[in-house]
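Asks:
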Amino acid sequence: MRAIALLAAAAAIVMSVGNTFPAAAETAGSAVARLYIDVRDQNDLDSLARAVTDPRSPSYRHFLSPADYRRRFALTDAQHRDLLTRLAADGIRVTGETSHYLRITGPAAAVARVAGASAAAHSLSTPVSAAADAAARLAGPQARVREKADADEPAKCSSWLGESPAADMPPAYGSISSYATCPYRPDQLRKAYHVTTTGRGRTVAIVGAYGSPTMRADADRFATAVGDKPFRPGQYREDVDPNAWNLTPDCAPPADWAGEQALDVETVHGYAPDAAVRYVGANSCLDEDLMDAESSIIDNRSADLITNSWAEIIHADPGHLTPDLVAAWNRLFEQAAVEGIGVYFASGDCGDASPGAAHAGLNCDPATTAAQAEWPAASPWVTAVGGTALGTDAHGRYAWETSMGDDLSIRSADGTAWTPLPGVFVFGGGGGPGDAPQPWYQRGVVPAALAAAGGQARRVTPDVALEGDFAVPVLVGYTLGGTFQLIGYAGTSAASPGFAAIQAGAEQVSGRTIGFANPLLYRLSRAGVLHDVTEPTAPVTAVRDLGADQGDLRYVLFTLGQDYGLSATTGYDAATGLGSPGPAYLSWFRRH
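All you need for my numbering is the position in the sequence shown, starting with 1, plus 500.
#1: Express the C-alpha separation of Leu-786 and Gly-819 in angstroms, rounding to a whole number.
#2: For the candidate residues Pro-876, Ile-814, Ala-867, whose alpha-carbon lies nearest to that of Glu-794?
#3: So what's Asp-774 in DSSP terms, helix, strand or just coil?
#4: Quick one: what's Arg-593 bridged to in DSSP?
#5: When burial is assigned at 16 or more other CB atoms within 10 Å of the CB, is Thr-585 buried or exposed?
#6: Can you check whether the CB of Thr-767 is closer than 9 Å to the CB of Gly-887?
#7: Just to confirm, does Pro-555 get its C-beta within under 8 Å of one of the non-hydrogen atoms of the ligand GTP?
#8: Looking at the secondary structure, which residues open and close the alpha helix (DSSP H) in which Arg-550 lies?
#9: With Val-695 as the anchor, note down where its beta strand (DSSP E) starts and where it stops.
#10: Could you give the uninterrupted runs of the beta strand (DSSP E) lying entirely in the stretch 892 to 943, keeping only those of 3 residues or more?
#11: Select from Ser-879, Ala-873, Ser-854 the residue whose C-alpha is nearest the C-alpha of Ala-867.
#12: As a quick exercise: from Tyr-898, Ala-608, Val-960, Leu-862, pick the residue whose alpha carbon is nearest that of Thr-1076.
#13: Contact check, Ser-1010 vs Arg-1090 under 8 Å by CB: the rounded distance?
#14: Excluding the five sequence neighbours on either side, which residues of its own chain have a C-beta within less than 7 Å of the C-beta of Ala-971, listed in chain order?
#15: Helix or strand or just coil, what does DSSP make of Gly-1077?
#16: Quick check: the Cα distance between Phe-833 and Arg-897, rounded to an integer number of angstroms?
#17: Could you give the DSSP three-state label for Gly-588: helix, strand or coil?
#18: Which value, in whole angstroms, describes the spacing of the CA atoms of Gly-923 and Gly-930?
#19: Taking the alpha carbon of Leu-747 as the reference point, which residue from Ala-782, Ala-717, Pro-773, Arg-732 has its own alpha carbon closest?
#20: Suppose the cutoff is 7 Å on Cβ atoms and the five residues either side in sequence are ignored; what does the same chain contact list for Ala-525 look like?
#21: Quick check on the burial criterion: 16 or more other C-beta atoms within 10 angstroms. Buried or exposed for Arg-831?
#22: Should the stretch 1021 to 1037 be called in touch with the stretch 986 to 1002, which here means at least 3 C-beta pairs below 8 Å?
#23: For Gly-596, does the count of other Cβ atoms within 10 angstroms reach 16, so buried, or fall short, so exposed?
#24: Quick one: which unbroken alpha helix (DSSP H) runs of 4-plus residues sit fully inside the stretch 1001 to 1028? Chain order, please.
#25: Which class does Glu-738 belong to by DSSP, given the choice of helix, strand or coil?
#26: Kindly identify the DSSP beta-bridge partner or partners of Ala-953.
#27: Pop quiz: Tyr-1022 and Asp-852 are said to be a contact at Cβ under 8 Å. What is the actual Cβ separation, rounded to whole angstroms?
#28: Run through DSSP, which three-state label would Arg-685 get?
#29: In the DSSP assignment, what are the bridge partners of Cys-850?
#30: Give the list of continuous alpha helix (DSSP H) stretches no shorter than 4 residues that lie fully inside the stretch 854 to 881.
#31: Check Gln-1062 in the structure and name its three-state DSSP category.
#32: For my contact list, Val-974 and Tyr-771 are in at a C-beta cut-off of 8 Å; report their separation, rounded to the angstrom.
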């Protein structure tokens, strides 16, 4: 885990680096590992997951209950007994068990043999020489811009980009820039995206790490401050157990995740004020704890939608995500699909996640070895939500949108110019090809040039996008250092909960469950209900006032629509996917 500070303390990004670390051992020569259990018939699961989520299928929306899922796909009693017998014969003891894995301990050599075995019933998450866990990274909520500089001299900002020309600042690209918009309130976002639904009758779950002790109070205080209604009794619930937290150095301290939780909870409530919200705090940012949190929702179908604002990368040095661990995640996401649960992931904030992007990008993993889609957003069974920069007009209506991607410039020493120009990449929506083969729903929509990787068509992210840009952030309120503060936050961590909440509204007005949304979303790409987000033809800039206490670095210039390695073009693109919800998006669901 490390923290990167930009411009003194004006904005901070907190991330955890996915390191491998020694496997736990009970005694010398022994090893502890998690053994992930395969389903009874993977081909059957693949076929069913497609059938119930494809609008063209006669089985569309014929979802299974969790009990029906277990009856159809869990190991039989005979298979389970055989597995335990084989483990015991190797001196391996089972110390814990769920429907998804066995926690095992035994001689290191025996565990290694199990790891290498091609047993149909199980697979090991990682090689025995590495931990069975891996650290996930915040997908980007910690890009924060303070709403107020101090009581005597508030920071300058605009109601809409263009309202307040920065005439006292140097010109950029031959023109006077505008002061950046004040962080968007929930009512402004609802108006811009034509969100007239409330999510009533739907439950949106949020999976993060740890949990803030002031979250409910902060969310209610924030809602009141921005003119919205606080949570009703019972509308917000938490599954958080501080006594079980794994306070590993591979994760940021729990307090550092409080901003992420506030962003997710308040964004869902802002876009869907009547939806039930359930926060499930994993006991750490490690894969095994996050998977436990995710599966607790899916196994009980305790939510209709799940939003996740964390990410990690597959291609890294050192690496930690093995094919078996990826497969275990995919099985869980397929289970969600057949149960009618939509799973949404932030696509990341590091552009194409390449070493070049990581060189200066704020929320990047420096261990990256290649351009890649971030995981788990790259799973073909989740909806990857990318980011945009949203612009409104003087009346608060949608005016324009471009890709989430910011180049940063500072004033020259003599104050007469911005340098460098266009600037240094600091923040951008994640996307690009992943490792999975191209899913059926992307065929014919994603350009072949984007999907091609290693001679094979691949899964490309994101699928859709929503406001989350660093230069034009969203407003969040939470207790920081003992004081409640209003802060502008940015990242695809704002986009994923926002889109999931809009989907809750879509389910509300349609009266039916959407579940895994991608097959439907890609069919809607031709229905004219999504904004096709593209890059501007001329530079779009914004001057951000970071506060008087920043001295010479008080004012910075952002050049928008500059995602690293990714371009927003007509049609599907790897910066914004299919685009963002348009004026007719929710009305389409009213009719279908």
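Every residue, glycine too, gets a C-beta built ideally from N, C-alpha and C.
Replies: Per the coordinate set shown:
#1: 14 Å
#2: Pro-876
#3: coil
#4: Thr-605
#5: exposed
#6: no
#7: Among the components modelled here there is no ligand, and therefore nothing to report on the ligand GTP.
#8: 542 to 553
#9: Looking at the DSSP string, Val-695 is not in any beta strand (DSSP E), and its letter there is neither H nor E.
#10: 898 to 903, 905 to 911, 918 to 928, 932 to 937
#11: Ser-854
#12: Val-960
#13: 7 Å
#14: Ala-680, Ala-889, Asp-906, Ala-1042, Arg-1044, Phe-1058, Leu-1060
#15: strand
#16: 36 Å
#17: A small correction: the amino acid at residue 588 is Ala; Gly does not occupy that position in the sequence shown. Reduced to three states, the DSSP call for Ala-588 is helix.
#18: 19 Å
#19: Ala-782
#20: Bear in mind that the predicted position of Ala-525 carries a pLDDT of just 44, short of 50, making it unreliable; the figure below should be weighed with that in mind. Ala-531, Val-532.
#21: buried
#22: no
#23: exposed
#24: 1018 to 1024
#25: strand
#26: Gln-956
#27: In fact, because the Cβ distance is near 22 Å, the residues do not count as touching under 8 Å.
#28: coil
#29: Gly-928
#30: 855 to 860
#31: coil
#32: So it is not a contact: roughly 10 Å between Cβ atoms.
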